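Q: Residue numbering for the sequence shown follows full-length UniProt numbering, starting at 1 and increasing by one per position. All C-beta atoms in this analysis are idealised placements derived from N, C-alpha and C, irrespective of residue type, glycine included. Since we're looking at a predicted model, the values are computed, not measured. Below: one structure in structure tokens.
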Amino acid sequence: MKENLVSIITPMYNSGKFIRNTIESVLNQTYEDWEMIIVDDCSKDESPEIVKSYTKKDERIKYIRVSENKGVSNARNVALKNASGRYIAFLDSDDIWETTKLEKQIRFMKEKNCAISFTSYELINEENQKLNKVVRVPKSVDYKTLLKGNVLGCLTVVIDKSKLNFDIKMSGVRHEDYVLWLSILKRGYIAYGLDEVLAQYRKSLTSLSGNKIKSAMWTWNIYRNIEKIPLHKSIYYFVNYSINGIKKS
Numbered sequence: 001m002k003e004n005l006v007s008i009i010t011p012m013y014n015s016g017k018f019i020r021n022t023i024e025s026v027l028n029q030t031y032e033d034w035e036m037i038i039v040d041d042c043s044k045d046e047s048p049e050i051v052k053s054y055t056k057k058d059e060r061i062k063y064i065r066v067s068e069n070k071g072v073s074n075a076r077n078v079a080l081k082n083a084s085g086r087y088i089a090f091l092d093s094d095d096i097w098e099t100t101k102l103e104k105q106i107r108f109m110k111e112k113n114c115a116i117s118f119t120s121y122e123l124i125n126e127e128n129q130k131l132n133k134v135v136r137v138p139k140s141v142d143y144k145t146l147l148k149g150n151v152l153g154c155l156t157v158v159i160d161k162s163k164l165n166f167d168i169k170m171s172g173v174r175h176e177d178y179v180l181w182l183s184i185l186k187r188g189y190i191a192y193g194l195d196e197v198l199a200q201y202r203k204s205l206t207s208l209s210g211n212k213i214k215s216a217m218w219t220w221n222i223y224r225n226i227e228k229i230p231l232h233k234s235i236y237y238f239v240n241y242s243i244n245g246i247k248k249s
């Protein structure tokens, strides 16, 4: 584990339209001690060639292609297994970071002495146009608060592995990032929020999280089958999740 290295976890599938912007946003970081691990989930477009062209220019960018399309959880887990950094950051292949994202967030985490942090972010469309929607974050979140709704945008989360006594792994369950955050906070950790817009989340028509009904079903499944929360408490958290979802929209 390299002390100040940030390992950036980037799953990719047919992201030819966006991957350049994503990589450039990492290359433009003021914090330079990073590695970007891009795991290609059997893309059929030009995205592999685009990524390979960047690996030739900067050795910090690493390309891995899996032999079988198994989805985003598997791609992230492959990247996690190949990560060398103390810090783990997540950035999907169509999202973008502000240039000072890592510098400000790593400093923030050292000040807070925390294991996990997240930041505010804004929404953009497929044409890189801002949608005038900013998702603000609270100062901190514990396990029970997080059950009321996932306020940790995956593209903003950074985890300090040195403060955890277990391996970071995606479960494969829908909303796998939410499951991971819950598994960390359930152990007593607190997630600290930096209320500054340091990332841009691309809102696409095909976004999985865009389907409200499916998202609600996946959340209910997490309550009952992953977290094993009793029915009456699950209903309580689900009502809060629904209210927070309305506010977020």
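#1: First and last residue of the alpha helix (DSSP H) that includes ASN77?
#2: ASN132 by DSSP, collapsed to three states: which one?
#3: Classify ILE38 as helix, strand or coil using the three-state DSSP reduction.
#4: Using DSSP's beta-bridge definition, name the partner residues of TRP97.
#5: Can you tell me where the alpha helix (DSSP H) with THR55 in it begins and where it stops?
#6: Tell me whether the region 148 to 160 and the region 104 to 120 touch, counting them as touching only if at least three CB pairs, one residue from each stretch, are closer than 8 Å.
#7: Could you tell me whether the Cβ atoms of LYS148 and TYR241 are closer together than 7 Å?
#8: Ends of the alpha helix (DSSP H) at ASP177?
#9: Express the C-alpha separation of ILE96 and TRP34 in angstroms, rounding to a whole number.
#10: Less than 7 Å separating the beta-carbons of ASP94 and PHE18?
#11: Just confirm the distance between the C-beta atoms of residue 268 and SER140, as a whole number of angstroms; I'd bet it's less than 8 Å.
#12: Going by CA-CA distance only, name the one from SER53, GLU46, ASN28, SER73 that's closest to ASP177.
#13: Less than 7 Å between C-beta atoms, sequence neighbours within five positions excluded: which residues of the same chain meet that for ILE50?
#14: Taking DSSP's pairing of strands, which residues face LYS62 in a bridge?
#15: Looking only at its chain, what residues have a beta carbon closer than 7 Å to the beta carbon of ARG60, apart from the 5 residues adjacent to it on each side?
A: Result, derived from the coordinates:
#1: Per DSSP, the continuous alpha helix (DSSP H) segment holding ASN77 begins and ends at 72 to 81.
#2: Of the three classes helix, strand and coil, the one that applies to ASN132 here is strand, per DSSP.
#3: Three-state DSSP puts ILE38 in a strand.
#4: Beta-bridge partners of TRP97 (DSSP): ALA199.
#5: Here the alpha helix (DSSP H) through THR55 covers 47 to 55.
#6: At 8 Å Cβ cutoff, the stretches touch.
#7: Going by C-beta atoms, LYS148 is nearer than 7 Å to TYR241.
#8: Its alpha helix (DSSP H) spans residues 176 to 185.
#9: As the crow flies, the alpha-carbon of TRP34 is around 16 Å from that of ILE96.
#10: Contact flag set, yes.
#11: Here the chain has residues from 1 to 249 only, and residue 268 is not among them.
#12: The closest CA to that of ASP177, considering only SER53, GLU46, ASN28, SER73, is found on SER73.
#13: A distance below 7 Å between beta-carbons, with the five flanking residues on each side excluded, links ILE50 to the following residues of its chain, in chain order: GLY16, ILE19, ARG20.
#14: Within the DSSP secondary-structure output, LYS62 pairs in a beta bridge with ILE37.
#15: Closer than 7 Å at Cβ, skipping near neighbours: TRP34, GLU35, MET36.
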